[in-house]
Amino acid sequence: MAHHQPTTAEKYWDDAQEGDSCISPSYTVTEARINAYAELTGDFTPVHMDEAYAKTTPFGTRVAHGLFGLSIADGLKTQSDYRFVPGMSLGWSWDFVRPIKINDVMHVRFTVTGLRQSKSRPGWGIVILPSELINQLGQVVQKGEHRLMIPLRAAAA
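Start counting at 1 in the sequence shown, then tack on 241, and there's your number in our numbering.
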């Protein structure tokens, strides 16, 4: 399986600037990947697994698990040319806007905002990454924010 090798160095918190943005590599949502996600999570809900049943739903076809979309978004961020040194995820606020269907090709567009130094953890800073998971038609299928705590370069020296 080919993985994107980012070409730029990882960023410390102090390297980020308000308004920085990036578009990730892409990811194809295959039937095999949806099935594998069901195996990993134990979620075999028929709308994800059974095409005959899924045809009777408002989606009209099998769709990926909503949290699979969030997992894809997170994975694509780690493969992007704009990425941070390893830190700590503080959580996500995330909305499901449209269904993700088999053979959709996804990418993530994210922006940097909310930069502030941590009050509780010296040498670390907070960054908020408003993010959109976008399909091959240019439609936003999921969106929200990822909150991260990242080390400061000064603290690493």
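Even for Gly, the Cβ is constructed at its ideal location relative to N, Cα and C.
Assuming residue i is part of the beta strand (DSSP E), what are its boundary residues?
i: L281; result: Taken as a continuous stretch (DSSP letters only), L281 belongs to no beta strand (DSSP E), being part of the alpha helix (DSSP H) at 272-282.
i: S330; result: 329-337
i: S262; result: 262-264
Please classify residue i: is it buried, with 16 or more other beta-carbons within 10 angstroms of its beta-carbon, or exposed?
i: V270; result: buried
i: M347; result: buried
i: S361; result: exposed
i: A395; result: exposed
i: Y268; result: buried
i: S372; result: buried
i: F285; result: exposed
i: L311; result: buried
i: A257; result: buried
i: A295; result: buried
Taking Cβ to Cβ, would you say residue i is nearer than 8 Å to residue j?
i: E251; j: V368; result: no
i: V288; j: R274; result: no
i: G385; j: D322; result: no
i: E259; j: V353; result: yes
Starting from the Cα of residue i, find the closest Cα among the options and give me that residue.
i: Y253; options: V382, I375, L356, P371; result: L356
i: Q377; options: H245, N344, E280, V304; result: N344
i: I391; options: R339, L370, K384, F337; result: L370
i: M329; options: L389, E280, Q246, S265; result: L389
i: P266; options: D255, L374, Q358, F300; result: L374
i: Q358; options: S372, P247, L393; result: L393
i: G332; options: T248, H387, D261; result: H387
i: H245; options: K318, P299, F309, T298; result: K318
i: G307; options: Y278, P247, A295, T354; result: Y278
i: I313; options: P247, R350, P363, M290; result: R350
i: T298; options: G364, P340, A257, D261; result: P340
i: G379; options: G316, P247, I264; result: I264
i: T282; options: A305, A295, P363; result: A305
i: P247; options: Q320, G316, D255, N276; result: Q320
i: N276; options: K342, Q383, D255; result: K342
Starting from residue i and walking both ways along the alpha helix (DSSP H), at which residues does that stretch end?
i: M295; result: Here residue 295 is Ala; the residue named in the question, Met, does not match the sequence. Per DSSP, A295 belongs to the alpha helix (DSSP H) from 292-295.
Requested in this report: Go through the region 314-394 residue by residue and report every complete run of the beta strand (DSSP E) that reaches 3 residues or more, in order.
Outcome: Listed in chain order, the beta strand (DSSP E) runs fully inside the region 314-394 are 329-337, 346-352, 354-358, 365-375, 381-392, counting runs of at least 3 residues.
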